[in-house]
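A.B. asks:
2 protein chains.
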Amino acid sequence: MSRTTLLSLAQALGVSRTTVSNAYSRPEKLSAELRERIFATARELGYEGPSPLAASLRKGRTDSIGVLFTDDLGYAFSDPVSTLFLAGVAGQLQEAGHALTVLSAPRSGGSGPMSRAMVDGLIVYSVDEDSPGLAVARKRAIPSVLVDQAPETGTACVNVDDRVGAEAAVAHLAAQGHAAIAGVAVAAGDSGAAAEQCVLVGNNATSRSYVVRERMVGWRHGCEDAGVPPPVMVSCPANDAEHGRHAARLLLEAVPRPTALVCLSDELALGVMAELAAQDLRVPADVSVVGFDDSPAAAMAQPPLTTVRQPARDKGALAAQLLLDRLRTGEAGSSQLLATELVVRSSTAAPAADAATRPADPSRSRKGRRHAGRSDR
Amino acid sequence: MSRTTLLSLAQALGVSRTTVSNAYSRPEKLSAELRERIFATARELGYEGPSPLAASLRKGRTDSIGVLFTDDLGYAFSDPVSTLFLAGVAGQLQEAGHALTVLSAPRSGGSGPMSRAMVDGLIVYSVDEDSPGLAVARKRAIPSVLVDQAPETGTACVNVDDRVGAEAAVAHLAAQGHAAIAGVAVAAGDSGAAAEQCVLVGNNATSRSYVVRERMVGWRHGCEDAGVPPPVMVSCPANDAEHGRHAARLLLEAVPRPTALVCLSDELALGVMAELAAQDLRVPADVSVVGFDDSPAAAMAQPPLTTVRQPARDKGALAAQLLLDRLRTGEAGSSQLLATELVVRSSTAAPAADAATRPADPSRSRKGRRHAGRSDR
DNA sequence: GCCCGGTAGTTTATCGATTCACATGAGGTT
DNA sequence: AACCTCATGTGAATCGATAAACTACCGGGC
């Protein structure tokens, strides 16, 4: 009455379990004729083939690789950079015949599916260092590759040179004469508590995300090198255009208004540009904007966005390759640092001589300006 | 010497396997004190916790859901519609605490990872009906939900009303006075062989993809209802902007030139618009363009693209929900048909009186027109 | 005449847990 | 005093396969 299994099939045929197993996975170990007979009876009995679960348990291999994301998987599939990254991973895995399992490491409320995930290896993608899910992954001692994550010795890492890229962004602005640069960051509060709102965080903020930290450091270094003041920053609770808009609103109220806005991502930058348009400020005439990532939308924006390109897809492909190599050889690979490239488009230009004040009333005092900015909402 | 296991841990403690197992998964079955002692020894011995593989084998559950795509996973993560779909799926699964495994069903060369995938259920997303991977999935009798796939009795299906949506697209064009409508489709050749190039396929083409077929039928019906000739079509080998451009090149050579182009997707439509811009043709003044999907890029295009909206994300969420329900109840759910909605933006308008001929010759007869259309191949 | 190697299969041990039925003792009931 | 119940644990059976070592047979080389 029970389901057909390797054993019941073998008994029905009067051969051994092993022989049936071989019929499926080692054809050369038995005669073609017997193999055919086995398949025929299998069809007859409705045998579905060897159970992957049982086979994996025995073999100690699952032929599946996990990718661990922080928290919201919806984001992992919505954000252009992380999808591109996944595309890179998936391409390599597919070639190697492996499946890809997407795992989420919730920020709170248990460790998520990581504790039950059946994977041979793990790609950890920009996960909070104090995430319970990550802790479980460590405890399980799954061979891992860290991506967009603080390097650890003994583990292969793939990172982008975020710091240098961010430096280049502000260097570019400074070279054009900008001296009042503000930044739009993500989850950059010092406190662990995730803010619900965009908030001004001054210029000494830190973050739980390694990438965010690195880019912020890059901004500061760039400003320092150029001899301009470090950027005042807004921290957004999430990396999307809506929050970028809100952040811009906050930053544009500053007096004097910044002449350039650097953003932690293109998504944020797009939101920033939308807000600028809504406030009738021209890009780049009134305010310059720089993004990060060079996502597909950056080139299509109006105006096309100056940004720092990172090879998101290659990053994924490389991480997958490193992990597959590691599984094959047993040796933890080396760490890799991928280069970024400043892509200058049309969202940046030298600040107009009077840019900081243009839309406010011509009779402008410090005070008047500030109020005008506010009443704009 | 071997790895720590439930058994070795139990022996070290002098308790039974069962008790250790309970310590992990059924805390109420033993005293808190013993439980603590077990965990302490576990830490000491470096026990990683119950093996998910072994547990799944025994329990008969993996808490993981598969999503089966055709062929190229890189595409699955690049295409805006399929990523949105995945986002919907992932969101639901995450809530349910399930992992998501992405599987590819190669068009050729074996059945891919589907034969070894350890999943409780499967979402089949727009997979060729003759795909070997799909055949394996069927043989394994995994509870499935079909999405963008020809409905089958006994299996839950989620589909979008592609036919009605496509009809609405051409109806909209016809209502504005367009009578020469051409179509850009994907892999629409009758032959199984996937073409490497975009090719003109007349107006009776079919496709191995259910969605493509439905949309093409919708176009034809729409034209019929409006009393305009059915669209001449180009079939692209893949669904991306580059091929859309190429398709446009082919279609614009027709004499008389079509006044409107309907596309199977927004990605194709974006390519089409790029080509029109390159040929100095204005949209919509010279040629109207309609897309399908209402992907995020459609609204950002120049000009904003008229398109048929489909709820890609909801589709994913619904499919996941249906599958989870099915696993819970054991009953195959019902089939669902989601509505589409025509979103009129600025890429469509009435054809100019001389639009069909502006750059071409003004002498046009019925006959001339028909022959011109044919001789074009 | 003997040993050798290859082919076709079989036997036995194992992968690492969960489940179900049952044992034991403490405390409370009637 | 006999009976029940609850809280804690135990033992045996099972989930479904694969790996490694071993048997039996057959033809060939020296």
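So the protein lines, in turn, are chains A and B.
Just so it is clear: in the first sequence, position 234 is 234 by this note's numbering, and no numbers are missing.
Heads up: take any position in the second sequence, counting from 1, add 1000, and you land on this note's numbering.
The beta-carbon is built from N, C-alpha and C at its ideal position, and this holds for glycine as well.
Predicted, not measured: the structure shown is a model, and the values here were computed from it.
Using the rule of at least 16 other Cβ atoms within 10 Å of the residue's Cβ for burial, across every protein chain shown, is Leu1007 of chain B buried or exposed?
C.D. replies: Flag for Leu1007 of chain B reads exposed.
A.B. asks: Pairs of beta-carbons, one from the segment 1121-1140 of chain B and one from the segment 1264-1283 of chain B, closer than 8 Å: are there three or more?
C.D. replies: No, because fewer than three Cβ pairs between the segment 1121-1140 of chain B and the segment 1264-1283 of chain B fall closer than 8 Å, the two stretches do not touch.
A.B. asks: To the nearest angstrom, how far is the alpha carbon of Thr83 of chain A from that of Gln1011 of chain B?
C.D. replies: When rounded, the distance between both Cα atoms is 47 Å.
A.B. asks: Please confirm whether Gln1094 of chain B has its beta-carbon closer than 9 Å to some beta-carbon of chain A.
C.D. replies: Yes, its Cβ sits closer than 9 Å to a Cβ of chain A.
A.B. asks: Where do the ends of the alpha helix (DSSP H) carrying Ser1056 of chain B lie?
C.D. replies: From DSSP, the alpha helix (DSSP H) with Ser1056 of chain B extends over 1052-1059.
A.B. asks: Looking only at C-alpha atoms, which of A:Gly218, A:Ala248, A:Asp128, A:His172 sits nearest to Asp161 of chain A?
C.D. replies: For Asp161 of chain A, the nearest C-alpha among the options comes from A:Gly218.
A.B. asks: Determine whether the Cβ of His1243 of chain B lies closer than 9 Å to any Cβ atom of chain A.
C.D. replies: So no, His1243 of chain B is outside the interface.
A.B. asks: So is Ser1131 of chain B buried or exposed if we call it buried at 16+ other beta carbons inside 10 Å?
C.D. replies: The residue is buried, with at least 16 neighbouring Cβ atoms inside 10 Å.
A.B. asks: Classify Pro1359 of chain B: buried if its beta carbon has 16 or more other beta carbons within 10 angstroms, exposed otherwise.
C.D. replies: With a pLDDT of 47 at Pro1359 of chain B, under the threshold of 50, the modelled position of this residue cannot be trusted; read the value that follows with caution. By the neighbour-count rule (16 or more Cβ atoms within 10 Å), Pro1359 of chain B is not buried but exposed.
A.B. asks: Could you check the C-alpha separation between Cys1263 of chain B and Ala141 of chain A for me, to the nearest Å?
C.D. replies: For Cys1263 of chain B and Ala141 of chain A, the distance between alpha carbons rounds to 49 Å.
A.B. asks: Going by the DSSP bridge assignment, what does Asn1159 of chain B pair with across the sheet?
C.D. replies: B:Leu1337.
A.B. asks: Since I believe Thr1306 of chain B is in contact with Val1343 of chain B (beta carbons under 8 Å), could you give me their beta-carbon distance rounded to a whole number of angstroms?
C.D. replies: Indeed, because the Cβ distance is near 7 Å, the residues count as touching under 8 Å.
A.B. asks: State yes or no: is the beta carbon of Arg116 of chain A nearer than 9 Å to at least one beta carbon in chain B?
C.D. replies: Chain B contact via Cβ: present.
A.B. asks: I'd like to know whether the C-beta of Val1102 of chain B is nearer than 9 Å to at least one C-beta of chain A.
C.D. replies: Yes, because at least one Cβ of chain A sits closer than 9 Å to the Cβ of Val1102 of chain B.
A.B. asks: Is it true that the CB of Glu1267 of chain B sits closer than 9 Å to the CB of Asp1294 of chain B?
C.D. replies: No, the pair does not count as a contact, with Cβ atoms beyond the cut-off.
A.B. asks: Could you check what DSSP says for Cys1223 of chain B in three-state terms: helix, strand or coil?
C.D. replies: Three-state DSSP puts Cys1223 of chain B in a helix.
A.B. asks: Hey, how far is the Cα of Leu1338 of chain B from the Cα of Pro304 of chain A?
C.D. replies: Their Cα atoms are separated by approximately 36 Å.
A.B. asks: If you reduce the DSSP assignment to three classes, tell me which class Phe1292 of chain B lands in.
C.D. replies: Looking at Phe1292 of chain B - three-state DSSP - the assignment turns out to be coil, as it is neither helix nor strand.
A.B. asks: Return the Cβ separation of Thr101 of chain A and Ala1099 of chain B in integer angstroms, given the expectation that the two are a contact with Cβ distance under 8 Å.
C.D. replies: The Cβ separation is near 5 Å, so the contact holds.
A.B. asks: Count the other C-beta atoms from every protein chain shown that fall within 10 angstroms of the C-beta of Glu167 of chain A, then say buried if there are 16 or more, exposed otherwise.
C.D. replies: Buried: at least 16 other Cβ atoms inside 10 Å.
A.B. asks: Using 10 angstroms around the beta-carbon of Pro256 of chain A, count the other beta-carbons present and answer buried if the total reaches 16, otherwise exposed.
C.D. replies: So Pro256 of chain A ends up on the exposed side.
A.B. asks: Measure the C-alpha to C-alpha separation of Leu1086 of chain B and Val15 of chain A and round it to an integer number of angstroms.
C.D. replies: Each residue's alpha carbon lies about 45 Å from the other.
A.B. asks: Which stretch, first to last residue, makes up the beta strand (DSSP E) that contains Ser64 of chain A?
C.D. replies: Looking at the DSSP string, the run of the beta strand (DSSP E) that includes Ser64 of chain A is 64-70.
A.B. asks: Tell me which same chain residues have a C-beta within less than 8 Å of the C-beta of Ala1372 of chain B, skipping the five on either side of it?
C.D. replies: For Ala1372 of chain B, the predicted structure reports a pLDDT of 37, less than 50, and the residue's modelled location is therefore unreliable. The matter cannot be settled from this model.
A.B. asks: Going along the segment 273-297 of chain A in order, which residues come within less than 9 Å of chain B, judged by CB to CB distance?
C.D. replies: Those residues of the segment 273-297 of chain A that come within reach of chain B (Cβ to Cβ, closer than 9 Å) are Pro296, Ala297.
A.B. asks: Can you find at least 3 beta carbon pairs, one from the segment 63-74 of chain A and one from the segment 103-123 of chain A, that sit closer than 8 Å?
C.D. replies: Yes: at least three Cβ pairs fall under 8 Å.
A.B. asks: Is Thr1018 of chain B near the ligand HEM, in the sense that its beta carbon is under 8 Å from a heavy atom of that ligand?
C.D. replies: Although the ligand HEM was asked about, the structure shown includes no ligands whatsoever.
A.B. asks: Leu13 of chain A lies in the alpha helix (DSSP H); which residues open and close that run?
C.D. replies: That run of the alpha helix (DSSP H) goes 6-13.
A.B. asks: Might you give, ordered along the chain, the residues of its own chain that have their beta carbon closer than 6 Å to the beta carbon of Pro1151 of chain B, omitting 5 neighbours on each side?
C.D. replies: Within the same chain, Pro1151 of chain B has close Cβ partners Cys1157, Ser1335.
A.B. asks: Three Cβ pairs or more, each shorter than 8 Å: is that satisfied between the segment 1054-1062 of chain B and the segment 26-40 of chain A?
C.D. replies: No, because fewer than three Cβ pairs between the segment 1054-1062 of chain B and the segment 26-40 of chain A fall closer than 8 Å, the two stretches do not touch.
A.B. asks: With a threshold of 7 Å on Cβ separation, who are the neighbours of Glu1048 of chain B within its own chain once the five nearest residues in sequence on each side are excluded?
C.D. replies: Closer than 7 Å at Cβ, skipping near neighbours: no residue.
A.B. asks: Pick from A:Gln94, A:Gly112, A:Ser108, A:Met114: whose alpha carbon is nearest that of Gly1110 of chain B?
C.D. replies: Out of A:Gln94, A:Gly112, A:Ser108, A:Met114, A:Gln94 has the C-alpha closest to the C-alpha of Gly1110 of chain B.
A.B. asks: Rounded to whole angstroms, what's the CA-CA distance from Pro1237 of chain B to Arg1345 of chain B? Just pull it up for me.
C.D. replies: Distance between the alpha carbons of Pro1237 of chain B and Arg1345 of chain B: 28 Å.
A.B. asks: Please state the DSSP three-state secondary structure of Thr306 of chain A.
C.D. replies: Correct three-state label for Thr306 of chain A: strand.
A.B. asks: Can you tell which of B:Tyr1024, B:Ala1226, B:Gly1183 has its C-alpha closest to the C-alpha of Ala1248 of chain B?
C.D. replies: Closest option to Ala1248 of chain B, Cα to Cα, is B:Gly1183.
A.B. asks: Check the Cβ-Cβ distances between Gln1321 of chain B and every residue of chain A, and say whether any is below 9 Å.
C.D. replies: Taking Cβ atoms only, chain A never reaches closer than 9 Å to Gln1321 of chain B, which makes this a no.
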